[in-house]
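Undergrad: There's a structure below that I have some questions on.
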Amino acid sequence: MTSPTFASLGLAEPILRALAKQGFEIPTPIQAGTIPKLLAGHDVLGVAQTGTGKTAAFALPILQHLAAAQRRPRPFSTSCLILAPTRELALQIDAHIRGFANGQPISTCVILGGVGRRPQEERMRRGPDIVVGTPGRIRDLMGTKHLRLDQATHFVLDEADRMLDLGFIRDIRHIVAALPAQRQSMLFSATMPAEVSQLANSFLRDPLRVEVTPEVRTPEKIEQQVHFVDTSGKRALLVRLLEDPGLARVIVFTRTKHGANKVADHLTAAQVSTEALHGNKSQPAREKSLDRFRSGRARVLVATDIASRGIDVTGISHVINFDLPVEPESYVHRIGRTARAGAGGIAISFCDQSERAALRAIERVNGVTLRPVGHVPPDSGAANRPGRPAQQQQNRRRFQPRRPMRAAA
Ligand code: AMP
């Protein structure tokens with residue numbers, strides 16, 4: 001079977017020219033999976049993270065539909081609403097769309113919190129074809145009638161899991177309720193916990209589900225260890241490990257935001273320079289934390305899975321799973337943060353009694369074996385594989401990223 005081209009997916013000439021200009025030659029899997037369905041008018045549920053090409057996957061069909069409809073929205077109305085969880089992502093989506101629209105008469109408007117409302121209200125007066133924004137400010141402008149959704153034909157909710165983590169669920173429900181029943185909707189999310197599925201079911205109509213698991217980079221260079229430890233002993237073990245200066249730049253993963261704060265407070269009290277990163281923090285506070293970690297002023301970053309996504313900090317020497325992830329797939333995303341760009345790295349997982357099943361699932365699903373370090377309890381299921389260099393070799397050989405792509409109607 002020949003690989004699809006953008007033309008074979010059904011995209012029209014002006015868009016093909018814009019793509020060629022941007023150097024896009026071959027559709028990514030999520031683009032190949034979704035573009036024909038979106039062009040045909042289906043709703044889509046995309047399980048994909050940033051970096052997979054999802055922005056073009058939803059933006060190109062929308063641009064083609066809007067160009068074909070040739071309908072000018074009334075003042076303060078729009079034909080398409082795209083919701084993003086953060087300012088950065090909203091600006092990035094807008095920039096991509098303007099690049100794809102290249103030469104076509106499509107107007108966009110970005111609506112973000114944290115900046116003055118007046119210029120945004122003024123731009124809405126012109127009735128932009130596409131509005132990209134964050135939920136809080138979108139809702140504010142709806143409240144003052146500077147943004148009306150009764151003419152919207154397209155709706156996108158991007159990074160839905162992060163939206164929920166940042167507490168936007170009420171805003172989203174309010175916004176969705178104001179959309180016309182007759183519309184095309186899309187939801188994208190890197191993970192699909194129950195709350196996101198429920199949200200998707202509440203506003204998508206018979207959606208096509210497309211799932212893309214990005215390849216994890218250079219995992220074979222990561223040494224993977226596990227410490228069997230009591231829950232109450234985890235914090236002391238962490239402090240003890242950090243006595244080794246070889247743990248130079250460390251990300252510690254916790255399951256909850258509350259847990260992240262507790263661990264960060266404990267490390268700070270133990271004189272370890274630490275920052276916490278999670279969804280309860282304001283955008284400026286998150287940026288400050290990341291900045292301190294990037295510059296080396298903080299040696300440790302304690303983060304939840306969702307908050308850490310998309311941050312690309314080089315030179316991470318160690319990833320420590322203070323709590324094992326609930327979803328086995330998250331394990332490879334977490335440990336992939338070390339050993340970037342061909343460098344080696346070490347991933348250390350703490351496993352208490354209640355996490356033994358999670359550990360087995362991680363090993364089975366990801367095809368890896370973690371090397372036990374320190375005391376190995378007889379009932380851990382790991383007693384017959386003491387940590388040896390030979391075992392590490394086996395880790396390396398057995399690692400295979402799973403399922404590059406799945407698409408089902
Ligand atoms: P996204 O996941 O939408 O944030 O896209 C990730 C990056 O990949 C962006 O910099 C895009 O410009 C780029 N990109 C997306 N699709 C393609 C493609 N088919 N060919 C080349 N680059 C692409």
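In the working numbering, the protein residues as written are 1 to 409.
For each residue, glycine too, the CB sits at the ideal point set by N, CA and C.
Just so we're clear, the structure is a prediction, and the values are computed from it rather than from any experiment.
Among Ala56, Ser77 and Gly103, which one has its Cα closest to the Cα of glutamine 151?
TA: The shortest C-alpha separation from glutamine 151 is found at Ser77.
Undergrad: Tell me serine 185's beta-bridge partners as DSSP assigns them.
TA: Paired residue(s): Phe155.
Undergrad: Where does histidine 146 land, buried or exposed, given buried means 16+ other C-beta within 10 angstroms?
TA: It counts as buried.
Undergrad: Should isoleucine 316 and valine 250 be called a contact, given that it needs their Cβ atoms to be closer than 9 Å?
TA: Yes, the pair counts as a contact, with Cβ atoms nearer than the cut-off.
Undergrad: Which residue spans inside the segment 4-73 form an unbroken alpha helix (DSSP H) run of at least 4?
TA: Counting whole runs of 4 or more residues, the segment 4-73 contains the alpha helix (DSSP H) stretches 13-22, 29-39 and 54-69.
Undergrad: At what residues does the alpha helix (DSSP H) containing alanine 358 begin and finish?
TA: Counting along the chain, the alpha helix (DSSP H) containing alanine 358 begins and ends at 356-366.
Undergrad: When you measure from the CB of histidine 333 to every non-hydrogen atom of the ligand AMP, does any distance come out below 8 Å?
TA: No, Cβ of histidine 333 sits at least 8 Å from all heavy atoms of the ligand AMP.
Undergrad: Any chance the segment 121-131 sits against the segment 38-52, with 3 or more Cβ pairs inside 8 Å?
TA: Segments in contact, no.
Undergrad: Could you tell me the distance, in whole angstroms, from the CA atom of glutamate 329 to the CA atom of methionine 192?
TA: Using only the alpha carbons, I get a separation of about 12 Å.
Undergrad: Between aspartate 158 and isoleucine 93, how many whole angstroms is the CB-CB distance? I'm expecting something under 8 Å.
TA: Indeed they touch by this definition, with Cβ atoms about 7 Å apart.
Undergrad: Any heavy atom of the ligand AMP closer than 8 Å to the Cβ of glutamine 22?
TA: Yes; taking the cut-off as 8 Å, the Cβ of glutamine 22 has a heavy atom of the ligand AMP nearer than that.
Undergrad: With burial defined as no fewer than 16 other Cβ atoms inside 10 Å of the residue's Cβ, what is the status of lysine 281: buried or exposed?
TA: Classification for lysine 281: buried.
Undergrad: Out of Val326, Pro73, His318 and Arg364, point me to the one whose CA is closest to glycine 344's CA.
TA: The shortest C-alpha separation from glycine 344 is found at His318.
Undergrad: Can you name the start and end residues of the beta strand (DSSP E) that asparagine 280 belongs to?
TA: Segment: none, asparagine 280 is in no beta strand (DSSP E) and carries neither H nor E.
Undergrad: Would you report the Cα separation of valine 132 and histidine 266, rounded to the nearest angstrom?
TA: Whole-angstrom Cα-Cα distance: 40 Å.
Undergrad: Of the residues Asp140, Arg137 and Ala68, which one's Cα is nearest the Cα of alanine 105?
TA: Contrary to the premise, residue 105 reads as proline rather than alanine in this sequence. Checked all of Asp140, Arg137 and Ala68; the closest Cα to proline 105 is Ala68.
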